[in-house]
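In my numbering, the protein residues as written are 7 to 187. Heads up, the beta-carbon is just placed ideally off N, CA and C, and yes, glycines get one too. Working notes for the structure below.
Structure (structure tokens):
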């Protein structure tokens, strides 16, 4: 697991409640580390897939932008052809795999918006240089590890469970009184 310490530091920044518990009892850091290791092993495929998509993006994005620079014509068509191949072979299959593995449909709107911007904007292909797929996968692994660690702390009696907020329910609509009464 490369950059384990960086990911754990981000996890603790994102979860101040867990950071407080680690500050209070430093020996729990090893437990957090093992929980992260388990989450990483479980979701390693989404991280590796995200790395692959981002690597392809990093190579093809500037090529597509350069082709668009030549303006309408064969180069422009080639740019869109490359984008279509990239979407069909890498991005759509990865999005399906990621969503099936994690049930995190919240990633899709961001990815769709990013790809739309990269396609529509004149030099939007430069967006493809950013590691958005790997970043989302790592974020998911951190959340999964944090949840597992929090569940462990609650089970051990070291942390109070957060109260689940009940969804607000609208009062039932009253039907108007019948006019014939």
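Are the segment 38 to 53 and the segment 112 to 130 touching, with three or more C-beta to C-beta distances below 8 angstroms?
no
With distances taken from CA atoms, which of 78, 10, 17 is nearest residue 146?
Looking up residue 146 in the chain shown gives position 140. Looking at the Cα atoms, 17 is the closest of the given residues.
Given a threshold of 16 other Cβ atoms within 10 Å of its Cβ, counted over all protein chains shown, does residue 186 qualify as buried or as exposed?
Here residue 186 refers to the residue found at position 180 when the chain shown is read from its first residue. Exposed: under 16 other Cβ atoms inside 10 Å.
Applying the 10 Å Cβ sphere with the 16-neighbour rule, what's the burial state of residue 133?
Reading the chain shown from its first residue, position 127 is the one you call residue 133. Burial call: buried.
Do residue 53 and residue 107 have their beta-carbon atoms positioned less than 7 angstroms apart in this structure?
Walking along the chain shown from the start, residue 107 turns up at place 101. Walking along the chain shown from the start, residue 53 turns up at place 47. No.
Could you spell out the range, first to last residue, of the alpha helix (DSSP H) harbouring residue 87?
Position 81 of the chain shown, counting from 1, holds the residue named residue 87. Looking at the DSSP string, the run of the alpha helix (DSSP H) that includes residue 87 is 80 to 92.
Could you tell me the boundaries of the alpha helix (DSSP H) in which residue 131 lies?
Here residue 131 refers to the residue found at position 125 when the chain shown is read from its first residue. Counting along the chain, residue 131 falls outside any alpha helix (DSSP H), and DSSP gives it neither H nor E.
Residues in the same chain with beta-carbon distance under 8 angstroms from residue 25, minus the five sequence neighbours each way, listed in chain order, please.
Your numbering for residue 25 matches position 19 in the chain shown. Closer than 8 angstroms at the Cβ level, and outside the excluded window around residue 25, lie 18, 19.
Quick one: what does DSSP say residue 111 is sitting in, helix, strand or coil?
Locating residue 111 in the chain shown gives position 105, where the first residue counts as 1. Residue 111: coil per DSSP, three-state reduction.
Closest Cα partner of residue 144 within the set 28, 47, 118, 35:
Mapped onto the chain shown, residue 144 falls at position 138. Answer by Cα proximity: 47.
Taking the CB atoms as reference points, tell me whether residue 88 and residue 66 lie closer together than 7 angstroms.
Here residue 88 corresponds to residue number 82 of the chain shown, with the count starting at 1. Here residue 66 corresponds to residue number 60 of the chain shown, with the count starting at 1. Contact flag set, yes.
Would you kindly check if the distance between the Cβ of residue 60 and the Cβ of residue 115 is under 7 angstroms?
Position 109 of the chain shown, counting from 1, holds the residue named residue 115. Position 54 of the chain shown, counting from 1, holds the residue named residue 60. Cβ atoms of residue 115 and residue 60: not closer than 7 angstroms.
Kindly indicate which three-state DSSP category residue 9 falls into: helix, strand or coil?
The residue you call residue 9 lines up with position 3 of the chain shown. Coil, per DSSP.
Residues in its own chain within less than 8 angstroms of residue 100 by CB, not counting five upstream and five downstream?
Along the chain shown, one-based indexing puts residue 100 at 94. The beta carbon of residue 100 lies closer than 8 angstroms to those of 55, 56, 58, 59, 139 in the same chain, with the five residues before and after it left out.
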